[in-house]
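For the sequence shown, the tail end lands on 172 under the working numbering, and the numbers increase by one without skipping.
We treat Cβ as the ideally placed atom computed from N, Cα and C, and that holds for glycine.
Read through the structure below, which is laid out as structure tokens, and then see the notes.
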Amino acid sequence: MVAARELLRSAKTAEELRRAQAVLLPLDLGLSLEQTARAIGRSVNATCAIRTRFAKVAEGVMGPPQAKTALRNHALADLEREASILDEVLADAQKGGIVVIPQLKPLIEEKVGKPMALSTVYRMLARHGWRKLSPDTYHPQGDAERREVWKKNCPKP
């Protein structure tokens with residue numbers, strides 16, 4: 016009950032508020048499960064599930080609920096595992112070497128244990144702060160006129 020009151024005070028989302036109300040309304044006001052469900056805007060089954068889940072979290076049997084975006088349901092590896100794989104595979108790049116991602120793809124697939132698309136490799140690199148760098152086609156302080164003259168007069172192979 017103390018945990019429910021604390022959640023009621025610190026609730027930041029409507030779902031957290033509903034969780035606290037599902038526990039406190041029957042205890043404080045003596046509402047039935049049906050009345051509580053009507054008050055918080057959920058079905059009787061959902062209200063019962065909310066109360067049961069809250070009790071399990073309070074006892075420490077379950078962890079607190081997480082947002083769907085935090086679950087990464089389709090991830091091939093968790094973030095820590097991804098970071099360790101990239102550390103192993105990109106050891107040369109951390110020393111300043113050139114990295115060609117399509118050549119790294121089989122190494123990463125071997126470490127993960129599943130085949131993956133090249134776009135997945137690029138997204139994994141982006142998640143961990145790596146970005147694609149490509150060289151400029153010309154030097155920023157170069158003289159464009161001299162470059163054009165050289166193109167016209169350079170020896171052809």
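Does DSSP classify residue i as helix, strand or coil?
{"i": "methionine 16", "result": "coil"}
{"i": "lysine 126", "result": "helix"}
{"i": "threonine 8", "result": "As displayed, the chain neither begins before 16 nor continues past 172, which places residue 8 out of reach and without an answer."}
{"i": "aspartate 151", "result": "coil"}
{"i": "arginine 15", "result": "Here the chain comprises residues numbered 16 to 172, so residue 15 is not present and cannot be evaluated."}
From this set, the options, which residue's C-alpha is nearest residue i's C-alpha?
{"i": "glutamine 118", "options": "Gly78, Leu133, Leu148", "result": "Leu133"}
{"i": "glycine 111", "options": "Val38, Lys167, Leu148, Gly45", "result": "Leu148"}
{"i": "glutamine 109", "options": "Ala159, Thr84, Trp145, Leu48", "result": "Trp145"}
{"i": "serine 99", "options": "Asn88, Ile123, Gln81", "result": "Ile123"}
{"i": "threonine 28", "options": "Arg142, Tyr137, Pro80, Ile116", "result": "Pro80"}
{"i": "phenylalanine 69", "options": "Ala159, Leu39, Gly45, Asp93", "result": "Leu39"}
{"i": "leucine 94", "options": "Val114, Ala141, Ile116", "result": "Ala141"}
{"i": "proline 150", "options": "Ile113, Asn88, Asn60", "result": "Ile113"}
{"i": "lysine 71", "options": "Met16, Leu48, Glu103", "result": "Met16"}
{"i": "arginine 57", "options": "Lys171, Ala37, Leu44", "result": "Ala37"}
Taking the alpha helix (DSSP H) that residue i belongs to, which residues open and close that run?
{"i": "asparagine 168", "result": "159-168"}
{"i": "threonine 137", "result": "The identity of residue 137 in the sequence shown is tyrosine, whereas the question assumes threonine. Tyrosine 137 -> alpha helix (DSSP H) spans 133-142."}
{"i": "alanine 52", "result": "48-55"}
{"i": "glutamine 36", "result": "29-44"}
How about residue i and residue j: are their beta carbons less than 7 Å apart?
{"i": "threonine 62", "j": "alanine 52", "result": "yes"}
{"i": "arginine 20", "j": "isoleucine 65", "result": "no"}
{"i": "glutamate 31", "j": "leucine 22", "result": "yes"}
{"i": "glutamate 97", "j": "methionine 131", "result": "no"}
{"i": "lysine 129", "j": "leucine 105", "result": "no"}
{"i": "asparagine 101", "j": "histidine 143", "result": "For the sequence presented, residue 101 should be read as leucine rather than asparagine. Yes, the pair counts as a contact, with Cβ atoms nearer than the cut-off."}
{"i": "alanine 18", "j": "alanine 82", "result": "no"}
{"i": "valine 136", "j": "lysine 126", "result": "no"}
Using a Cβ-Cβ distance cut-off of 7 Å, determine whether residue i contacts chain C.
{"i": "leucine 42", "result": "Judged by its chain identifiers, the structure shown contains no chain C, having just a single protein chain."}
| request: Write down every uninterrupted run of the alpha helix (DSSP H) in the segment 65-119 whose length is 4 residues or greater and which is fully enclosed by it, in chain order. | output: 83-86, 94-104, 106-109
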